[in-house]
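Chains as they are written, first to last, in the working numbering: chain X, 24 to 328; chain A, 2 to 138; chain D, 45 to 436; chain F, 1220 to 1362.
Even glycine gets a Cβ: it sits at the ideal position worked out from N, Cα and C.
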Amino acid sequence: MNILTILFHFFIFPGFLFLVIFGMFLTFLDRKISARIQWRVGPPWYQPYLDFLKLLLKEVIVPINSSKFLFLFAPVLSFLSAVISGTMIYYFLLYPQRSFLGDIIVILYFLTLVPVGFILGASSSRNPLSGCGAQREMMLLIGYELPFIFALLISIVKAGGKIKLGEIIMAQNNLSFLYSWSGLISFLTLLFVFQAKLGYVPFDIAEAEQEIMAGTILEYSGVSLALFKLAKAILLLSLPALLIALLWPAKSIFSFIIKFFFIFLLIVLMKNTNPRLRIDQALKFFWFILGPFSILGVILVLSGL
Amino acid sequence: MSIKLKALKKSPWVFHVSAASCNNCDIEILAALTPRFDVERFGILLVGSPRHADALLVTGVINRKSLPRVLEVYNQTPKPCLVIAVGTCACDCHMFKDSYNVVGPYDKYFPVDVYIPGCPPRPEAIIAGVVKALSKL
Amino acid sequence: MRRVIPIGPYHPLQEEPEFFKLIVEGEKVVELEINIGYNHRGHEFLSPKMTYEQIAYLVERICGICSNSHPLAFVQAVEDAANIKVPERALYIRTINHELERIHSHFLWLGLAGHFIGYNTVWMWAWKYREPILDIFEMVTGNRNHYAMNKIGGVRWDIKDEQIPIIENILLEVEKATWMFTKAILDDPVILARLRDVGVLPKEVAIDYGVVGPTARASGVNIDVRRDDPHAAYDRIEWDVIVFEEGDVLAKAKVRLFECLESIKIIRQCLRKMPKGEIETKVDEIPMGEGIGRAEAPRGEVFHYVRTSGMNHPIRHKIRAPSYMNIASNAYACVGYSIADAALTLAAVDPCYCCTERIFVYADDKKIMGYEDILKLSWELTEKLKRKYNKI
Amino acid sequence: MKDLLTEIKNRFKEIEVYEHNKRRLYLKIGKERIREIAHFLHKEKGLRLSIMTGVDTREGIEILYHFSDDKTGTYYTIRIITERDDPKVDTISDITKASEWIEREIWELLGVEFVGHKNLKPLLTSEDWPRDKHPLRRDYEGI
């Protein structure tokens, strides 16, 4: 494998360019579907690109009291970790045999770094509302990480204890993990966790516009804001793919797209048919409902179901 | 026309400032978001923070207590930003200009780009005003 | 261990600028400081400088949502002072207008409440069904808002016979929508979890603060000006006052939804019973005296006191809007709940509400808190929760 | 409704009653008895304080306490008169919380001091408003 292909994979497909362009397209789809549910027409397809372009060219304001380096670095951190995790997920979906030992853990870490970027940026801006948002984001992170890991564990155990995304995908050549009790549990758990990771209703507590304005991203403008928005857009593209890789691998591109949009639609529908939870309710949900539920899944998978 | 202005024209994010208004302009601004008028078609979004805004929709008259806060919101908005005065109160104080607590319309304190008169202006008029403001660029 | 979360004048969803200082510990509100006056325009100062005809327009612009209630209360105050008798048909038209305004206002609140809990679909749907009501207003009075319908001695526009079937059709549609919302809200477990037992205002406290309207009726205080002191044509019509005992946000939502249905009932009866005839009496002169006018606005009792001078302008005009009493009660209702609940509770009295101010204060009773302290606090809290969780 | 009026008449002998119509009653009483009558109406009879009005008249500053009897729909307006220079009235904010804000408002717009009010600070006007200017007084000429 020469350097050019690596660069190609990293920067063009399935890396940076692919993620950015299709991620933004998905935000358009999200907005459009939401608008249709709300009996509106919704934005035209090129809207996210224009928004992005406009943000790139706007002034970046750094609040006086903030720590300048952290404030500007945080969006970059979020964005880069989103890109890396997205690239890895799509790369292993394409070439499952090239996966390396422990890559799931790497993906897990990079996915966690995205909200950490949000928290860092919000905390460095020294705005009490952002602070409140950061605090909520932190609590939410602690809330959903545990069920997330348990859900991952289900797939890992099913694949014979291999901590390799490629192995997991290949182990499902005959039968997807989804078609078992534990697989189903894992699927549902991941769906809720992804909702929280994306910051969508009912778990958009950290960015609750009506309570704490825009929460974590309150003080951001211009390019930094665009990077945060892009990080979220890329997550929107890569998380359903991760779910597919873990539980429901597709044989062809066509079936991948169908599965992808099915999951995407579930996420958008959930966003539009629920009110926002309170932070304590969300934590209760993750720890006392989803946590034991995913542990049940682990027990089931250990007993071979 | 530069690409910057082109993008700005197609995606104006507005922040809504109401000093001392009677709500009606504010309601009509919100009504412009809702299914019958749906300004998201044109890429107009109402945002929660002045930092994200390209245009300020200002309503109502300014009174002594709200003046410093209005100025602060204006200063916090990244430039270039448009200021659109919605409603007769925002344009010229309407029937409140004799009051002891009113310090004047918005254009006394910062430049206003477009005036939309009416008490309240209809949502169509507000959309037309925003479009006019953009074509001024 | 305290910090201040400002909820104050400027926000996309705000209507009137008021400024609430939430003093919080972690996520829990321990004290609420209400600071109003960002919307003070001096109506009471301007009113004696204007003629009675002009004041009707002036009081209309107190609030854009109650823009029928204030003029109605004002003209009733002047009619009370001058003993003017209003023709029967005008009373019915006033009632119809008043109830239409109530439906439009309650739908508006429902939409905003949906938005406050992050449920934008409810917002959009509620506002979609609100538009037909505004269409009726536009058809009858010529304006979507600020109807300019009430004048001393009667009303300005008549409801024509050919308009009645159109209004009835729209009411049918709105009635269906109201039932849909009622079912949707009472069936959704997540909405119930967010609204139930939040911002409870007990009956004694409600009486002490003198709250009015749906806020009082949701706390079990059975008051309604329309029944207690009938104005317009309310004593000629059959309808019920909706009262709930719980006092939480859910009860307030239920009161408003069921009131919409009552309003539809009232309008239907009015349209049927409305007699033919004049819509205004000629008013020659307003003698010296004083009068009190009250009307049940969507948010509660509107009170106007007018002291007339014998000339064409009053000496004193006192206005009391319902939110004046209701907002004060938040100082009790918000304490002890989380920030998310406080925002909802503030919204639940349907004040002319607003949020989010951009003045940053971290304050303790004595010492100023740095940002690191708050972060540390938050970490401690999460650590505590973690420990709690690990035990299980 | 008549019963409450007779009860008031029996208890407060010097009260002057003006009956505008049967649902609008205006009662005039000396300002030193306002706490007593407010306590009687609110605590004993369960009337709701709707609002207070301050009027600057020739005789002095009139303060009207509008009590609403929701069972009969009657308004009992208690009228007291205080002098124009350095007016002082006893507060009733400890009797009903409803009067807390309106007393602050009358204090800042008309300059009537409510003796015993715990939190007498400006409600509507800004912090830098000159405290000796009262916009609702007849001699107000702007700041």
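Residue 80 of chain X carries a coil assignment under DSSP once its states are collapsed to helix, strand and coil. Here residue 123 of chain X is exposed: its Cβ has fewer than 16 other Cβ atoms, across all protein chains shown, within 10 Å. Between residue 327 of chain D and residue 336 of chain D, the CB-CB gap reaches or exceeds 9 angstroms. Following the DSSP letters along the chain, one finds residue 91 of chain A inside the alpha helix (DSSP H) bounded by residues 89-93.
In the DSSP assignment, residue 332 of chain D is bridged to D/353. A distance of 9 angstroms or more separates the beta carbons of residue 1223 of chain F and residue 1262 of chain F. When DSSP reads this structure, residue 366 of chain D sits in no beta bridge, so it has no partner. Taking the Cβ atoms as the reference, residue 1270 of chain F lies roughly 22 angstroms from residue 1303 of chain F, outside the contact range of under 8 angstroms. Here the segment 49-61 of chain A makes no contact with the segment 308-323 of chain X; the two share fewer than three CB pairs at distances below 8 angstroms. For residue 115 of chain A, the pairing in a beta bridge is given by DSSP as A/85. A direct Cα-Cα distance of roughly 34 angstroms separates residue 72 of chain A from residue 226 of chain X.
Distance from residue 1297 of chain F to residue 1246 of chain F at the Cβ level is roughly 5 angstroms; contact confirmed, criterion being Cβ atoms closer than 8 angstroms. For residue 358 of chain D, the beta-bridge partners assigned by DSSP are D/352. Residue 301 of chain D is a Cβ neighbour of residue 154 of chain D, given a cutoff of 9 angstroms. Excluding five sequence positions before and after residue 1292 of chain F, the CB atoms of its chain that fall closer than 7 angstroms to its own CB belong to 1242, given in chain order. If you check each beta-carbon in the segment 170-183 of chain D against every beta-carbon of chain A, the ones closer than 7 angstroms belong to 171, 172, 175. Unbroken beta strand (DSSP E) runs of no fewer than 3 residues, entirely contained in the segment 216-298 of chain D, are not found.
The C-alpha of residue 42 of chain X is placed about 15 angstroms away from the C-alpha of residue 30 of chain X. Judged by DSSP secondary structure, residue 52 of chain A falls outside any beta strand (DSSP E); it is assigned neither H nor E. Interface criterion not met: the Cβ of residue 130 of chain D is under 9 angstroms from no Cβ in chain F. Closest in alpha carbon position to residue 308 of chain D, among D/263, D/220, D/254, D/322, is D/220.
Below the 7 angstroms Cβ cutoff, chain X contributes no neighbours of residue 231 of chain D, its closest Cβ being approximately 12 angstroms away.
Of all residues in the segment 279-302 of chain D, none places a beta-carbon less than 9 angstroms from a beta-carbon of chain A. Under the three-state reduction of DSSP, residue 305 of chain X is assigned to helix. For the pair of segments examined, the segment 90-110 of chain A was found to touch the segment 60-77 of chain A: the number of CB pairs separated by less than 8 angstroms reaches three.
In the three-state reduction of the DSSP assignment, residue 14 of chain A falls in the strand class. When CB distances to chain F are screened at a threshold of 7 angstroms, the residues of the segment 43-75 of chain A falling below it are 65, 66, in chain order.
Here residue 66 of chain X is near residue 42 of chain A, since their CB atoms are less than 9 angstroms apart. In summary, the residues of the segment 8-42 of chain A whose CB is separated from some CB of chain X by less than 7 angstroms are 8, 9, 11, 12, 36, 39, 41, 42, in the order they occur in the chain. One alpha carbon belongs to residue 264 of chain X, the other to residue 113 of chain X, and they sit about 7 angstroms apart.
Taken through DSSP and simplified to helix, strand or coil, residue 196 of chain D comes out as coil. Residue 124 of chain A has a beta carbon lying at 9 angstroms or more from every beta carbon in chain X.
If one requires a minimum length of 3 residues, no beta strand (DSSP E) run lies completely within the segment 120-154 of chain X. Comparing alpha-carbon positions, the option among A/46, A/88, A/113 lying closest to residue 10 of chain A turns out to be A/46. Looking at the DSSP output, residue 205 of chain D sits in no beta bridge, so it has no partner there. Each of D/181, D/252, D/141, D/388 was checked against the Cα of residue 198 of chain D, and the nearest Cα belongs to D/141.
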